[in-house]
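Asker: Following this message is one structure expressed as structure tokens.
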Amino acid sequence: MSDIPSDLRYAASHEWARLEADGSVSVGISDHAQEALGDVVYVELPEIGQQLTAGQQAGVVESVKAASDIYAPISGEVVAINDQLTDAPESVNSEPYGSWFFRIQPSDASELDKLLDAEGYKASCDAEA
Amino acid sequence: MGQRTPLYDQHLALGAKMVDFGGWDMPLHYGSQVEEHHQVRRDCGVFDVSHMTVVDVRGADAKAYLQRLLANDVDRLGQVGKALYTAMLNERGGVVDDLIVYLAEEGYRLVVNASTRDKDLAWMQAHAEGFAVEVTERPELAMLAIQGPHARARTAELVSQARAALIQELKPFNGRAVGDWFIGRTGYTGEDGLEIILPAAEAPDFLSELVGAGIPPIGLGARDTLRLEAGLNLYGQDMTEDVSPLQANMGWTVAWEPAERDFVGRAALEAQKAQSDLPKLVGLVLEERGVLRAHQIVRVNGVGEGEITSGSFSPTLGKAIALARVPAGAGDRAEVEIRGKWYPVRVVQPTFVRHGKVLV
Chain A
1 MSDIPSDLRY
11 AASHEWARLE
21 ADGSVSVGIS
31 DHAQEALGDV
41 VYVELPEIGQ
51 QLTAGQQAGV
61 VESVKAASDI
71 YAPISGEVVA
81 INDQLTDAPE
91 SVNSEPYGSW
101 FFRIQPSDAS
111 ELDKLLDAEG
121 YKASCDAEA
Chain B
130 MGQRTPLYDQ
140 HLALGAKMVD
150 FGGWDMPLHY
160 GSQVEEHHQV
170 RRDCGVFDVS
180 HMTVVDVRGA
190 DAKAYLQRLL
200 ANDVDRLGQV
210 GKALYTAMLN
220 ERGGVVDDLI
230 VYLAEEGYRL
240 VVNASTRDKD
250 LAWMQAHAEG
260 FAVEVTERPE
270 LAMLAIQGPH
280 ARARTAELVS
290 QARAALIQEL
300 KPFNGRAVGD
310 WFIGRTGYTG
320 EDGLEIILPA
330 AEAPDFLSEL
340 VGAGIPPIGL
350 GARDTLRLEA
360 GLNLYGQDMT
370 EDVSPLQANM
380 GWTVAWEPAE
390 RDFVGRAALE
400 AQKAQSDLPK
410 LVGLVLEERG
420 VLRAHQIVRV
430 NGVGEGEITS
440 GSFSPTLGKA
450 IALARVPAGA
460 GDRAEVEIRG
470 KWYPVRVVQP
480 TFVRHGKVLV
């Protein structure tokens with residue numbers, strides 16, 4: 001059973017989103033996603049300053065099994081990227097919710113509400129199976 | 130539901146992620162294939178390889194039969210216990226399978242691939258016509274491989290005195306029976322280790338003892354990255370029925386002498402040998418971030434194109450490696466197309482790691 005924390009929002013494409021105290025949104029991939037991918041060996045992050053629209057490809061997570069695109073769950077500007085993932089990609093597997101890939105300053109805060117909650121994401125994963 | 134080895138329930142109990150492999154339900158990993166890979170290179174680990182096919186060949190014509198059937202020459206096996214690696218070819222010189230053959234007390238023991246079982250057995254039976262020989266599959270036997278620098282010592286601690294004594298004596302690439310077990314100092318990882326063939330009913334307890342003593346179970350994911358680092362071919366990827374051993378880095382396994390030994394595929398292979406422009410199997414190393422994968426196109430400037438046959442991330446090197454079939458004129462640099470972009474790679478010998486040491 002994969003872990004789906006209830007305080008996060010999710011995209012059907014398996015990214016999680018967390019609203020931070022400063023209004024930015026951190027993005028990573030879910031436990032379900034890391035389990036399906038297997039050992040992560042490389043992560044490609046967006047550039048700071050990049051403007052993303054919701055659903056746009058924002059990076060790549062490459063595992064021993066396959067390379068998988070990561071999509072921006074909401075629109076906005078990339079304000080930070082997690083360089084630590086470059087040196088320790090395996091943390092995506094061991095701590096999927098502690099391993100943020102990038103932070104977006106949202107251009108439209110209501111987009112966060114359009115994402116799935118934990119229950120909705122679980123239903124989405126079950127439907128995929 | 131695929132076929133299951135006698136260790137299936139234990140794999141589940143050990144937390145294995147199971148996948149289909151050639152019609153068998155096998156453990157891909159037990160948590161992390163990268164971690165399992167490191168465990169084998171640094172210490173040791175145990176693999177369930179019971180899906181492999183064990184075939185005993187006996188009878189007055191056993192030797193003559195195998196000298197006809199196999200591209201390597203069993204006459205090279207000078208005493209009981211010696212083993213060799215060989216291809217079994219079709220009439221076009223293409224590889225039907227690759228296998229290991231041991232000279233046993235009586236006749237020979239062959240270990241062939243799981244995915245080619247039916248094809249191999251039919252082929253071997255068909256070619257037994259006219260030879261006084263019995264070709265007998267041994268499906269009631271299971272097989273466990275314990276591999277790594279400490280594999281032999283750790284295993285010897287856990288088995289009977291007679292078996293421990295054999296483990297200590299066995300030279301590399303030798304295998305002998307002890308009671309109803311057969312122990313080979315062989316493997317598919319590039320490390321020292323053992324492959325133990327034993328009655329299926331005894332395999333679960335033996336695996337429990339090994340794991341109970343702290344020897345970690347290792348899945349197929351790590352098995353693939355280990356063998357790739359060691360430059361060991363995988364049938365169905367690095368060679369097929371349409372690929373000759375000369376194009377698969379297996380030229381050294383073909384015994385041309387004595388010239389009078391007419392093995393299946395010899396004529397086709399002789400004709401090929403006379404050509405100087407055969408594609409060759411080489412190693413590739415990607416110095417940048419990314420993973421090389423089977424079927425990616427390889428481009429050699431001014432020479433032509435080839436294809437990756439096996440590729441993966443190498444945990445020991447920390448970068449991607451591959452085996453690739455490239456044109457004869459390829460030098461030490463090439464480019465690989467990964468998801469629409471070209472990346473430079475180093476072209477190297479097709480062996481990347483041996484006994485834990487990086488060679489490239």
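If you're matching them up, the sequences are chains A and B in order.
Just so we're aligned, residue 1 is where the first sequence starts under the numbering used here, counting upward by one.
Just so we're aligned, residue 130 is where the second sequence starts under the numbering used here, counting upward by one.
Where a beta carbon is used, it is the ideal one built from N, C-alpha and C, also for glycine.
#1: Which bits of chain A does B:R418 rub up against, with CB to CB less than 7 Å?
#2: Taking the CB atoms as reference points, tell me whether B:V175 and B:V340 lie closer together than 8 Å.
#3: If you count every other CB in all the chains shown that lies within 10 Å of the CB of B:T182, and 16 or more means buried, which is it?
#4: Using alpha carbons as the reference points, say which of A:A129, A:Y71 and A:V61 lies closest to A:A17.
#5: Mind checking if B:S441 is an interface residue toward chain A, Cβ cutoff 8 Å exclusive?
#6: What do you reckon, are the CB atoms on B:I467 and B:G419 nearer than 8 Å?
#7: Can you give me the C-alpha to C-alpha distance between B:F302 and B:D461, rounded to a whole angstrom?
#8: Across which residues does DSSP place B:Y137 in a beta bridge pair?
#9: Assuming contact is defined by CB atoms lying nearer than 8 Å, are B:V465 and B:L410 in contact in what I supplied?
#10: List, in chain order, every chain A residue whose beta-carbon is nearer than 7 Å to that of B:R468.
#11: What residues in the segment 160-177 of chain B have a beta carbon less than 7 Å from any beta carbon of chain A?
#12: With the cut-off set at 8 Å, would you say B:R314 and B:L327 are in Cβ contact?
#13: In this structure, does DSSP put B:T182 in helix, strand or coil?
#14: Going by DSSP, name the residue or residues bridged to B:S443.
#15: Going along chain A in order, which residues have a C-beta closer than 9 Å to the C-beta of B:G350?
#16: Quick check: is the beta carbon of A:N93 nearer than 8 Å to any beta carbon in chain B?
#17: Secondary structure at A:Y121, three-state DSSP: helix, strand or coil?
#18: State the DSSP-derived secondary structure class of B:K146, mapped to helix, strand or coil.
#19: Are B:E432 and B:A396 close, meaning C-beta to C-beta below 8 Å?
#20: Quick check on B:D227: buried or exposed, where buried means 16 or more other Cβ atoms within 10 Å of its Cβ?
#21: Could you give the C-beta distance for B:S565 and A:D31, rounded to a whole number, given that I count them as a contact under 8 Å?
#22: Could you pull out every unbroken alpha helix (DSSP H) segment of at least 4 residues lying fully inside the segment 62-116 of chain A, listed in chain order?
#23: Compare the C-alpha of B:L232 against each of B:F311, B:R171, B:E298 and B:V225 and name the closest.
#24: Give the straight-line distance between the Cα atoms of B:V209 and B:R305, rounded to the nearest whole angstrom.
#25: Where does A:A129 sit, in a helix, a strand or coil, going by DSSP?
#26: Taking Cβ positions, are B:E165 and B:I325 nearer each other than 8 Å?
#27: According to DSSP, is B:Y89 part of a helix, a strand, or is it coil?
#28: For B:L157 versus B:G350, is the C-beta distance shorter than 8 Å?
#29: Which runs of the beta strand (DSSP E) fall wholly inside the segment 451-479 of chain B and span at least 3 residues, in chain order?
Answerer: Based on what the coordinates show:
#1: For B:R418, the chain A residues whose C-beta falls within less than 7 Å of its own C-beta are Y42, listed in chain order.
#2: Contact flag set, yes.
#3: Buried, since its Cβ has 16 or more Cβ neighbours within 10 Å.
#4: Of the candidates A:A129, A:Y71 and A:V61, the one whose C-alpha sits nearest the C-alpha of A:A17 is A:Y71.
#5: Interface annotation, B:S441: in contact with chain A, CB-CB separation under 8 Å.
#6: In this structure, B:G419 lies closer than 8 Å to B:I467 by Cβ.
#7: Whole-angstrom Cα-Cα distance: 32 Å.
#8: DSSP, once it has assigned bridges, lists no residue as partnering B:Y137.
#9: No; because the gap between Cβ atoms is not below 8 Å, this pair is not in contact.
#10: Listed along chain A, the residues sitting closer than 7 Å to B:R468 by beta-carbon distance are A67.
#11: Contacts with chain A (Cβ-Cβ distance below 7 Å) from the segment 160-177 of chain B involve S161, Q162 and V163, listed in chain order.
#12: No. Outside cutoff.
#13: Strand.
#14: Answer by DSSP bridge pairing, in chain order: B:K448.
#15: Those within 9 Å of B:G350 in chain A are G38, D39, V64 and K65.
#16: For A:N93, the answer is yes, since a Cβ of chain B falls inside 8 Å of its Cβ.
#17: Helix, per DSSP.
#18: Secondary structure of B:K146 (DSSP, three-state): strand.
#19: The question names Glu, but residue 432 of chain B in the sequence shown is Val. Contact flag unset, no.
#20: Per the 10 Å Cβ criterion, buried.
#21: Because chain B in this structure spans residues 130 to 489, residue 565 of chain B falls outside the shown range and cannot be described.
#22: As far as the segment 62-116 of chain A is concerned, its whole alpha helix (DSSP H) runs of at least 4 residues are 84-87, 91-94 and 111-114.
#23: B:F311 is the residue among B:F311, B:R171, B:E298 and B:V225 whose C-alpha sits nearest the C-alpha of B:L232.
#24: Approximately 7 Å between the Cα atoms of the pair.
#25: Of the three classes helix, strand and coil, the one that applies to A:A129 here is coil, per DSSP.
#26: Cβ atoms of B:E165 and B:I325: not closer than 8 Å.
#27: The shown model of chain B, from 130 to 489, leaves out residue 89 of chain B, and the question about it has no answer.
#28: A contact, by the Cβ cut-off of 8 Å.
#29: Here the runs fully enclosed are 462-467 and 470-477.
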